[in-house]
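Let me begin by presenting the structure, written as structure tokens, before commenting on it.
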Amino acid sequence: MNLRTIITGGPGAGKTTLIETLAQRGFAVCDESGRAVIREQMSIGGCGVPWRDPQRFAGLMLARDIRAWHRSSGASAPVFYDRGIPDIAGYLTLCGYPIPPRLTEAISRYRYATDVIILPPWRGVYAQDNERKQSWQEAVETWKAMAATYEQHGYRLTTLPPAPPAARAAQAMEIISGR
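Quick note: the sequence shown uses the numbering used here, first residue -7, plus one each step.
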């Protein structure tokens, strides 16, 4: 049984808060690669940020996501991911770039649990910051792109509606307990 569960959606939908809540409840989690890459690139003056070089940014996220996937290879309990490798394809599609063959291969090779949790846009918690520069409309379009990408790659989506973090965590735990 695949114990890797992805939590995806557009920016500012509450994914990271949900991941943090699950971690507080003792679950293993993998942080979002995109924000880590942005922080790293900004600290060194690198160009691998989405507003300078989206394709380089995607490549850096892919390398980080593959490492995260391998780190959980021996897991005997569920692991929650703040986004997964297919998110990179959704991002590139949204930006109008072709999906490189190495990314298509990675999506096929590094599989997660079939049931993916997707969080819809939530205006009540959406906020821009130094790492999240997308507008509200871009957040909505990202959510749509992620949904289409995951379905295209054979994943089954379960939407968790806007709710307090504890309620969403309980729903996420119900999803994985049904496996």
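Every residue gets a Cβ at the ideal spot worked out from N, C-alpha and C, and that includes glycine.
| query | Quick one, which of 44, 149, 151, 135 has its alpha-carbon nearest residue 4's? | reply | 135
| Between residue 131 and the rest of its own chain, which residues show a CB-CB distance below 7 Å, the 5 nearest in sequence each way excluded? | 2, 3, 4, 113, 118
| said: Does the contact criterion of 3 or more C-beta pairs under 8 Å hold for the stretch 135 to 150 versus the stretch 78 to 91? | reply: yes
| Excluding five sequence neighbours on each side, which residues of the same chain lie with their C-beta closer than 6 Å to the C-beta of residue 15? | 21
| task | Provide the residue span of the beta strand (DSSP E) that contains residue 0, from first to last. | result | -4 to 1 is the extent of the beta strand (DSSP E) around residue 0.
| message | Just verifying my parser: in three-state terms, what is the DSSP assignment at residue 71? | response | Three-state result, residue 71: strand.
| Exposure of residue 144, with buried meaning 16 or more beta-carbon neighbours within 10 Å | exposed
| task | Tell whether a beta-carbon distance below 7 Å holds between residue 158 and residue 109. | result | In this structure, residue 158 sits away from residue 109, with a CB-CB distance that is not shorter than 7 Å.
| Rounded to a whole number of angstroms, what is the C-alpha to C-alpha distance between residue 133 and residue 69? | 33 Å
| field | Alpha-carbon to alpha-carbon, residue 53 and residue 40 | value | Rounded to whole angstroms, residue 40 to residue 53 spans 9 Å at the Cα level.
| query | Where does residue 91 sit, in a helix, a strand or coil, going by DSSP? | reply | coil
| message | Check for me: the beta strand (DSSP E) holding residue 107 runs from which residue to which? | response | 107 to 111
| In terms of residue numbering, what span does the alpha helix (DSSP H) encompassing residue 59 cover? | 46 to 63
| request: Alpha carbon to alpha carbon, how far is residue -3 from residue 23? Give it in angstroms, no decimals. | output: 12 Å
| query | From residue 156 to residue 169, what does the alpha carbon distance come to, in whole angstroms? | reply | 20 Å
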